[in-house]
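Before any comments, here is the structure.
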Amino acid sequence: MKLEDFFRGLYSQTRLIDIDDRRVVVKCYSSSTSFKWYLISPAFRRYPYTSDPLERMNREINFFTFNWRDKIKVPNIIDFDVKTLCLYRNFIDGNEIVQKEQFRELGDALRYIHEKNFALGDTKIENFVYNEKISVIDAEQSIQTSNISYFAWDLLVLAFSMSYKFIKDPYLFYENYDAVLEGYALNKEIAKELLNFNNLPILTLIPFTHYNYFKKVVEKFL
Numbered sequence: 001m002k003l004e005d006f007f008r009g010l011y012s013q014t015r016l017i018d019i020d021d022r023r024v025v026v027k028c029y030s031s032s033t034s035f036k037w038y039l040i041s042p043a044f045r046r047y048p049y050t051s052d053p054l055e056r057m058n059r060e061i062n063f064f065t066f067n068w069r070d071k072i073k074v075p076n077i078i079d080f081d082v083k084t085l086c087l088y089r090n091f092i093d094g095n096e097i098v099q100k101e102q103f104r105e106l107g108d109a110l111r112y113i114h115e116k117n118f119a120l121g122d123t124k125i126e127n128f129v130y131n132e133k134i135s136v137i138d139a140e141q142s143i144q145t146s147n148i149s150y151f152a153w154d155l156l157v158l159a160f161s162m163s164y165k166f167i168k169d170p171y172l173f174y175e176n177y178d179a180v181l182e183g184y185a186l187n188k189e190i191a192k193e194l195l196n197f198n199n200l201p202i203l204t205l206i207p208f209t210h211y212n213y214f215k216k217v218v219e220k221f222l
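The sequence shown begins at 1 in UniProt numbering and counts up one residue at a time.
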């Protein structure tokens, strides 16, 4: 398994079906792909990930049913089955986040999520789509917390994901991640946490040129 694929493959647990002319996403947490959480790299051990299917479903339900007051979009839960460990939710149509202003809005959305004492854990860029505002379409590793190390972790995993999205254009990675941190209104405390030595295992997975840009943009907020 490639390092950049540790957070991929989740959608193989999901399928899209049509019910009464309505598109419904069915996500089953006990599928074989859930074992990816047992195989995860030690670089990602600083966050309390869980591989337990019921716990992952509970975490996602908890996040999706929180009152986000239209600041971000989340799927509406239609039904769930604790026996089969499957969740039924509406399909959110949206586009890939590609524009600088959209990345700035993503940073603002993450700040809002953190202000509500949630951390997502799995902030790969594919877990967000854009349609007038940011939508969070996966939250199975989310937790309720006020721990800033977990807030910094969300920003770190996003940087890791974006570094491979823009693997061929390190400067574009720099510009867009800078927009994320500007939208987030990064403070000095979390900026220091991003560069914490304890995060070295995940930082070393970011390509060298991209890491230099990552460090450059974070240091702007110190």
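A virtual CB, placed ideally from N, CA and C, is assigned to each residue, including glycine.
DSSP state of residue i mapped onto helix, strand, coil
| i | result |
| --- | --- |
| residue 70 | coil |
Strand pairing of residue i, partner residues [DSSP]
| i | result |
| --- | --- |
| residue 143 | 119 |
| residue 23 | 18 |
Same chain, Cβ closer than 7 Å to residue i, neighbours up to 5 away in sequence not counted
| i | result |
| --- | --- |
| residue 48 | 143 |
| residue 93 | 131 |
| residue 65 | 77 |
| residue 30 | 53 and 85 |
| residue 68 | 74 |
| residue 148 | 189, 190 and 193 |
| residue 127 | 136, 137 and 138 |
| residue 145 | 117 and 119 |
Sequence-distant residues of its chain with Cβ nearer than 8 Å to residue i (five each side left out)
| i | result |
| --- | --- |
| residue 175 | 100 |
| residue 105 | 130, 133, 134 and 183 |
| residue 95 | 129, 130 and 131 |
| residue 72 | 109, 112, 113, 133, 134, 135 and 136 |
| residue 152 | 190, 193, 194, 196 and 199 |
| residue 24 | 16, 17, 18, 78, 88, 89, 90 and 91 |
| residue 202 | 43, 44, 46, 156, 157 and 160 |
| residue 123 | 110, 154, 155, 157, 158 and 161 |
| residue 213 | 170, 171, 173, 174 and 177 |
Spatial neighbours of residue i in its chain, beta-carbon cut-off 6 Å, leaving aside the 5 residues before and after
| i | result |
| --- | --- |
| residue 150 | 119 |
| residue 38 | Residue confidence for residue 38 is low, a pLDDT of 45 falling below 50, so the modelled location carries little weight; the figure read from the coordinates is stated next. Cβ within range, chain order: 51. |
| residue 102 | 130 |
| residue 63 | 139 and 142 |
| residue 21 | none |
| residue 166 | 172 and 173 |
| residue 210 | 163, 170 and 173 |
| residue 80 | 87 |
| residue 186 | 221 |
- Query: Of all the beta strand (DSSP E) runs that stay within the bounds of the region 78-138, which reach a length of 3 or more residues?
  - Reply: 86-90, 128-131 and 133-136
- Would you say the region 79-92 touches the region 156-170, given that touching needs at least three Cβ pairs under 8 Å? no
Any contact of the region 209-220 with the region 178-197, i.e. 3+ C-beta pairs under 8 Å?
yes
Report the residue ranges of all alpha helix (DSSP H) runs contained in full by the region 164-203; include only those spanning at least 4 residues, in chain order.
170-184, 188-194 and 200-203
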